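Taking it in order: structure first as structure tokens, then the write-up.
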Amino acid sequence: MAMDIEAIAPLKRCAIYTRKSTNQRLEHDVNSLVTQREISSAYVKSQQYKGWVELPNRYDDGGHSGSGMDRPALSQLMQDIEAGEIDIVVVYKIDRLTRSLADFVRMIEIFDRRNIALVSISQAFDTSDSMGRMILNVLLTFSQFERELIAERVRDSIRTRKRHGKMHGGLPPFGYVATPEGLKVDEPEAEIVRFIFDEFLRTRRYTRVMTAVRERGLCSSVKYSPRGKPRGGTPMSPSTVYGIVQNPMYVGEIRGHDRTYPGEHEALISREIWEEAQAICNERKKRKPNNRDTDHFLAGLLWDDLGRHMRLDLKWHWGKLYKTYVSSNAIWSQKMFLRQYRSSADELDAVVLAAVAEFLCDRVKLRKALKGLGLFGENLETLAEKGPAASDRLMATAKPNLHELFRAIAHRVELGEDQVSIEFRMLEVRRYLEWKSEMSFRGRPSNWSCSDARYDHVVAVRAVTAERWPSLHIKPRQASCTGTPDKKLVDLIRSARKAQRLVEENRELDLDALAKIQGCRTAQFARLVRLNYLAPDIITAVFDGTQPPGLNRKVLLNSNVPTDWAVQRKLYGFPAPERAIDPRNLFGRGMWPSASN
Numbered sequence: 022m023a024m025d026i027e028a029i030a031p032l033k034r035c036a037i038y039t040r041k042s043t044n045q046r047l048e049h050d051v052n053s054l055v056t057q058r059e060i061s062s063a064y065v066k067s068q069q070y071k072g073w074v075e076l077p078n079r080y081d082d083g084g085h086s087g088s089g090m091d092r093p094a095l096s097q098l099m100q101d102i103e104a105g106e107i108d109i110v111v112v113y114k115i116d117r118l119t120r121s122l123a124d125f126v127r128m129i130e131i132f133d134r135r136n137i138a139l140v141s142i143s144q145a146f147d148t149s150d151s152m153g154r155m156i157l158n159v160l161l162t163f164s165q166f167e168r169e170l171i172a173e174r175v176r177d178s179i180r181t182r183k184r185h186g187k188m189h190g191g192l193p194p195f196g197y198v199a200t201p202e203g204l205k206v207d208e209p210e211a212e213i214v215r216f217i218f219d220e221f222l223r224t225r226r227y228t229r230v231m232t233a234v235r236e237r238g239l240c241s242s243v244k245y246s247p248r249g250k251p252r253g254g255t256p257m258s259p260s261t262v263y264g265i266v267q268n269p270m271y272v273g274e275i276r277g278h279d280r281t282y283p284g285e286h287e288a289l290i291s292r293e294i295w296e297e298a299q300a301i302c303n304e305r306k307k308r309k310p311n312n313r314d315t316d317h318f319l320a321g322l323l324w325d326d327l328g329r330h331m332r333l334d335l336k337w338h339w340g341k342l343y344k345t346y347v348s349s350n351a352i353w354s355q356k357m358f359l360r361q362y363r364s365s366a367d368e369l370d371a372v373v374l375a376a377v378a379e380f381l382c383d384r385v386k387l388r389k390a391l392k393g394l395g396l397f398g399e400n401l402e403t404l405a406e407k408g409p410a411a412s413d414r415l416m417a418t419a420k421p422n423l424h425e426l427f428r429a430i431a432h433r434v435e436l437g438e439d440q441v442s443i444e445f446r447m448l449e450v451r452r453y454l455e456w457k458s459e460m461s462f463r464g465r466p467s468n469w470s471c472s473d474a475r476y477d478h479v480v481a482v483r484a485v486t487a488e489r490w491p492s493l494h495i496k497p498r499q500a501s502c503t504g505t506p507d508k509k510l511v512d513l514i515r516s517a518r519k520a521q522r523l524v525e526e527n528r529e530l531d532l533d534a535l536a537k538i539q540g541c542r543t544a545q546f547a548r549l550v551r552l553n554y555l556a557p558d559i560i561t562a563v564f565d566g567t568q569p570p571g572l573n574r575k576v577l578l579n580s581n582v583p584t585d586w587a588v589q590r591k592l593y594g595f596p597a598p599e600r601a602i603d604p605r606n607l608f609g610r611g612m613w614p615s616a617s618n
């Protein structure tokens with residue numbers, strides 16, 4: 022009697038991974054990726070008696086080197102492994118998976134944690150015993166050695182060509198075209214290059230040069246790749262202008278590793294213009310104090326809620342150093358007249374540090390975040406118990422080490438007008454919870470592509486500097502206001518103020534005694550005190566009689582008043598106020614009122 026395979030052995034889900042270093046022949050129907058997959062698929066079918074089943078998902082990386090882990094298909098493979106969808110990883114050769122010994126050790130660590138087997142078709146080994154691991158490490162060591170030899174030969178070739186004044190690969194720089202005889206001048210683009218250098222010497226500012234280029238509508242010429250695809254013909258970007266001013270190609274030289282070499286191509290500008298431009302560039306680079314010398318750990322991680330990167334800005338004013346995070350002045354932002362956000366660097370760093378420490382102590386939030394890694398049961402509870410200790414370790418971390426720590430555990434921090442959002446990289450948060458070393462914590466960037474588990478922690482706080490614009494939404498009563506104040510509501514607000522004064526003036530009394538002086542029950546006294554947390558615009562609406570019709574004394578007294586003003590407005594039916602920083606306001610064009618106005 023025939024027996025079903027599943028009765029003999031449990032099913033093992035097999036994922037086949039293939040890789041090819043170059044893009045050559047990828048467009049052909051039969052290439053190296055197809056060959057690797059067919060051989061691996063045939064091997065999986067031969068192991069059906071063990072319960073092996075090939076998964077339909079394709080993990081093919083064409084045109085990606087094995088020196089790193091930043092590969093699309095490999096990233097998807099590692100994410101599916103973290104999700105528990107794979108039991109066996111099958112490769113044609115071990116060097117198809119990676120040529121780096123360090124990356125291999127990290128992947129094996131993840132495989133062991135998930136009980137994943139690794140099989141190489143052309144190199145028979147078993148990773149379940151010590152001998153198999155030794156053979157695997159030896160094979161991988163030779164793969165890494167081969168990769169390093171190839172890299173050395175390529176570097177030597179590039180250095181030799183540069184010493185002889187020849188450009189090695191890549192697209193020709195702006196202002197030149199590539200020919201079999203070498204680089205030739207493209208006259209329309211060459212005129213743009215000369216114009217950029219002339220403007221830079223005149224204005225001494227990159228932004229002003231960019232403005233002059235945009236106003237003239239200058240575009241790059243259309244060029245064709247070896248395959249005939251058109252490139253160029255688009256308006257010049259700020260990065261192109263910045264790169265032109267600092268590129269020695271335009272003075273007839275080629276930049277090497279530690280020096281420049283005389284090139285065979287024709288120069289577009291004179292030596293005098295080049296040296297004067299570089300003197301201006303070096304002068305602008307001398308910015309003291311340098312941003313890298315500070316301990317502000319959010320630099321490089323901070324964005325605003327409009328999607329603009331926020332940089333650290335250091336300025337001296339009247340002998341005092343002011344450190345602020347400022348939104349970048351992106352092109353699209355200028356077109357929409359969006360004003361830059363500013364925030365005190367010291368205050369924002371303190372808020373974010375306290376928020377992360379609080380998150381690690383909050384067992385509810387920490388457990389919810391760890392579940393995104395697929396952790397449940399005993400593993401989840403064990404990690405959640407380590408939260409308070411990790412929080413104390415975070416607060417005790419020296420400031421110089423915070424930048425490296427936050428770069429690991431935080432994928433992104435976004436600053437809004439009324440909140441700060443911290444997006445945690447949960448793979449590193451887990452490592453930090455388990456960290457026992459006395460050394461400072463450092464992330465593993467090579468593992469970040471293995472898991473996309475994130476947790477967004479939102480903190481209600483106003484950290485954007487108002488800058489001559491009111492941060493409280495309080496307006497004077499309009500003459501046309503016909504609303505009649507609700508006497509019961511007004512009396513309720515005044516009773517809340519009285520209850521707060523009692524708390525402040527009678528600190529020796531408990532809650533029951535304070536409620537007795539107020540002339541109400543203890544529970545009602547506590548509700549009265551909470552009413553002091555109402556947003557100022559809600560309070561003024563009550564006194565003006567312009568509150569929504571459904572808001573009365575009973576609703577306000579019996580509700581659990583949230584501390585978030587935006588939530589209060591939604592709860593009680595108030596419209597959202599006008600933005601304190603209104604991008605549509607004419608002042609957003611840079612015409613902000615002076616302090617005397």
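Counting the sequence shown from 1 gives a position; this note's numbering is that position plus 21.
Each residue gets a CB set at the ideal place from its N, CA and C atoms; glycine is no exception.
Remember, predicted model here, so these are calculated numbers, not experimental data.
1) Are Glu75 and Ile37 closer than 8 angstroms when you measure CB to CB?
2) State the DSSP-derived secondary structure class of Met16, mapped to helix, strand or coil.
3) Note the first and the last residue of the continuous beta strand (DSSP E) segment covering Met331.
4) Glu287: buried (16+ other C-beta within 10 angstroms of its C-beta) or exposed?
5) Let me make sure I understand the geometry here. Which of Asn78, Asp116, Ser88, Val112 has the alpha-carbon closest to that of Gln100?
6) Have a look at Thr181 and Trp324 and give me their C-alpha separation to the nearest angstrom.
7) Is the beta carbon of Ile538 closer than 8 angstroms to that of Leu523?
8) Identify every residue that forms a DSSP beta bridge with Cys35.
9) Relative to the C-alpha of Asn573, which residue among Asp565, Tyr593, Arg305 is closest?
10) Which complete alpha helix (DSSP H) runs does the region 139-227 hold, if anything under 4 residues is left out?
11) Which of helix, strand or coil does DSSP assign to Cys302?
12) Please list the terminal residues of the continuous beta strand (DSSP E) segment that includes Trp621.
13) According to DSSP, Gly83 sits in a beta bridge with which residue or residues?
14) Would you mind stating whether Ile142 and Val111 have Cβ atoms separated by less than 8 angstroms?
15) Can you tell me where the alpha helix (DSSP H) with Ala417 in it begins and where it stops?
16) The alpha helix (DSSP H) spanning Asp370 covers which residue range?
17) Reducing DSSP to helix, strand and coil, say where Gln440 ends up.
18) State the DSSP-derived secondary structure class of Lys118, mapped to helix, strand or coil.
19) Less than 8 angstroms between the C-beta atoms of Tyr346 and Lys336, yes or no?
20) Evaluate Pro491 with the Cβ neighbour count: other Cβ atoms within 10 Å of its Cβ, from every protein chain shown; 16 or more gives buried, anything less gives exposed.
21) With DSSP as the reference, identify every bridge partner of Thr403, one or two as the case may be.
22) Please say whether Val550 and Ala520 have beta carbons closer to each other than 8 angstroms?
23) Quick one: what's got a C-beta closer than 6 angstroms to Arg135's C-beta in the same chain, skipping five residues either side?
24) Put Arg388 into one of helix, strand or coil per three-state DSSP.
25) So, are the CB atoms of Ala138 and Ile109 less than 8 angstroms apart?
26) Considering only residues of the same chain and omitting the five flanking positions on each side of Ser472, which have a CB-CB separation below 8 angstroms?
27) Using a Cβ-Cβ cutoff of less than 8 angstroms, which residues in the same chain neighbour Lys309 once the five nearest sequence positions on both sides are dropped?
28) Is Cys35 close to chain B, meaning its C-beta is less than 8 angstroms from at least one C-beta of that chain?
29) Using 8 angstroms as the threshold, is the C-beta distance between Ser467 and Met90 below it?
30) Under 8 angstroms between the Cβ atoms of Ile290 and Val262?
31) Is the region 235-250 touching the region 207-220 in the sense that three or more CB pairs, one from each, lie closer than 8 angstroms?
32) Could you compute how far the alpha carbon of Arg465 sits from the alpha carbon of Ala429?
33) What runs of the beta strand (DSSP E), each 3 residues or longer, lie entirely inside the region 511-568?
34) With DSSP collapsed to three states, give me the class of Trp490.
35) I need the DSSP call for Leu342, collapsed to helix, strand or coil.
36) Of the residues Phe427, Arg215, Leu510, Gln545, which one's Cα is nearest the Cα of Phe564?
Well, looking at it:
1) For the purposes of this step, residue 75 is taken as the residue at position 54 of the sequence shown. For the purposes of this step, residue 37 is taken as the residue at position 16 of the sequence shown. If you check the CB distance, Glu75 and Ile37 come in under 8 angstroms.
2) The structure shown does not extend to residue 16, since the chain spans only 22 to 618, so no value can be given for it.
3) Here residue 331 corresponds to residue number 310 of the sequence shown, with the count starting at 1. From DSSP, the beta strand (DSSP E) with Met331 extends over 331-338.
4) As a working note, residue 287 is residue 266 in the sequence shown. Exposed, since its Cβ has fewer than 16 Cβ neighbours within 10 Å.
5) Start at 1 with the first residue of the sequence shown, and residue 100 comes out as number 79. Of the candidates Asn78, Asp116, Ser88, Val112, the one whose C-alpha sits nearest the C-alpha of Gln100 is Asn78.
6) Position 160 of the sequence shown, counted from the start, is the residue given in the question as residue 181. Position 303 of the sequence shown, counted from the start, is the residue given in the question as residue 324. Rounded to the nearest angstrom, the two C-alpha atoms are 43 angstroms apart.
7) Along the sequence shown, read from residue 1 onward, the residue named residue 523 stands at position 502. Along the sequence shown, read from residue 1 onward, the residue named residue 538 stands at position 517. The answer is yes: Cβ separation under 8 angstroms.
8) Along the sequence shown, read from residue 1 onward, the residue named residue 35 stands at position 14. Partner(s): Glu75, Ile109.
9) Taking the first residue of the sequence shown as position 1, residue 573 is located at position 552. Between Asn573 and the set Asp565, Tyr593, Arg305, the nearest pair of CA atoms involves Tyr593.
10) As far as the region 139-227 is concerned, its whole alpha helix (DSSP H) runs of at least 4 residues are 151-184, 208-224.
11) The residue labelled residue 302 in the question sits at position 281 within the sequence shown. If DSSP states are grouped into helix, strand and coil, Cys302 belongs with the helices.
12) Because the chain is modelled from 22 through 618, residue 621 falls outside the range shown and cannot be assessed.
13) Taking the sequence shown and counting its residues from 1, the one referred to as residue 83 is at position 62. Per DSSP, Lys41.
14) Walking along the sequence shown from the start, residue 142 turns up at place 121. Walking along the sequence shown from the start, residue 111 turns up at place 90. In contact: Ile142 and Val111 (Cβ atoms closer than 8 angstroms).
15) Along the sequence shown, read from residue 1 onward, the residue named residue 417 stands at position 396. For Ala417, there is no enclosing alpha helix (DSSP H), as DSSP marks it with neither H nor E.
16) Looking up residue 370 in the sequence shown gives position 349. Counting along the chain, the alpha helix (DSSP H) containing Asp370 begins and ends at 366-382.
17) By one-based count along the sequence shown, residue 440 stands at place 419. Gln440 sits in a strand when the DSSP states are folded into three classes.
18) The residue labelled residue 118 in the question sits at position 97 within the sequence shown. Looking at the sequence itself, residue 118 is Leu, so the reference to Lys does not match. If DSSP states are grouped into helix, strand and coil, Leu118 belongs with the helices.
19) On the sequence shown, position 325 is the one that residue 346 refers to. On the sequence shown, position 315 is the one that residue 336 refers to. Going by C-beta atoms, Tyr346 is not nearer than 8 angstroms to Lys336.
20) Translated into the one-based positions of the sequence shown, residue 491 becomes position 470. Residue placement at Pro491 is poorly supported in this model, since its pLDDT is 49, which falls under 50; the coordinates still yield a value, given next. Pro491 is exposed by the Cβ-count criterion.
21) Numbered from 1 along the sequence shown, position 382 holds the residue referred to as residue 403. Beta-bridge pairing links Thr403 to no other residue.
22) In the sequence shown, residue 520 corresponds to position 499, counting from 1. In the sequence shown, residue 550 corresponds to position 529, counting from 1. The Cβ atoms of Ala520 and Val550 sit closer than 8 angstroms to each other.
23) Residue mapping note: residue 135 aligns to position 114 of the sequence shown, counting from 1. Closer than 6 angstroms at Cβ, skipping near neighbours: Ile102.
24) The count along the sequence shown starts at 1 and reaches residue 388 at position 367. Helix.
25) Residue 138 sits at position 117 when you count from the first residue of the sequence shown. Residue 109 sits at position 88 when you count from the first residue of the sequence shown. Closer than 8 angstroms, so yes.
26) Reading the sequence shown from its first residue, position 451 is the one you call residue 472. Met99, Gln100, Glu103, Leu394, Met447, Leu448.
27) Here residue 309 is taken as the residue at index 288 of the sequence shown, counted from 1. Summary for Lys309: the model assigns pLDDT 47, below 50, so the residue's position carries little reliability, and this model does not support an answer.
28) Reference to chain B is not applicable here, since this structure consists of a single protein chain.
29) Here the question's residue 467 lines up with position 446 in the sequence shown. Here the question's residue 90 lines up with position 69 in the sequence shown. In contact: Ser467 and Met90 (Cβ atoms closer than 8 angstroms).
30) The sequence position of residue 290 within the sequence shown is 269, counting from 1. The sequence position of residue 262 within the sequence shown is 241, counting from 1. No.
31) Touching, per the Cβ criterion.
32) Counting from 1 along the sequence shown, the entry for residue 465 is found at position 444. Counting from 1 along the sequence shown, the entry for residue 429 is found at position 408. Using only the alpha carbons, I get a separation of about 7 angstroms.
33) Considered as a whole, the region 511-568 harbours no complete run of any beta strand (DSSP E) with no fewer than 3 residues.
34) Walking along the sequence shown from the start, residue 490 turns up at place 469. Caution applies to Trp490, whose pLDDT of 47 falls short of 50 and renders its modelled position unreliable; the model cannot decide the point.
35) By 1-based counting over the sequence shown, the position of residue 342 is 321. In the structure shown, the three-state DSSP call for Leu342 is strand.
36) Translated into the one-based positions of the sequence shown, residue 564 becomes position 543. Per the Cα distances, Leu510.
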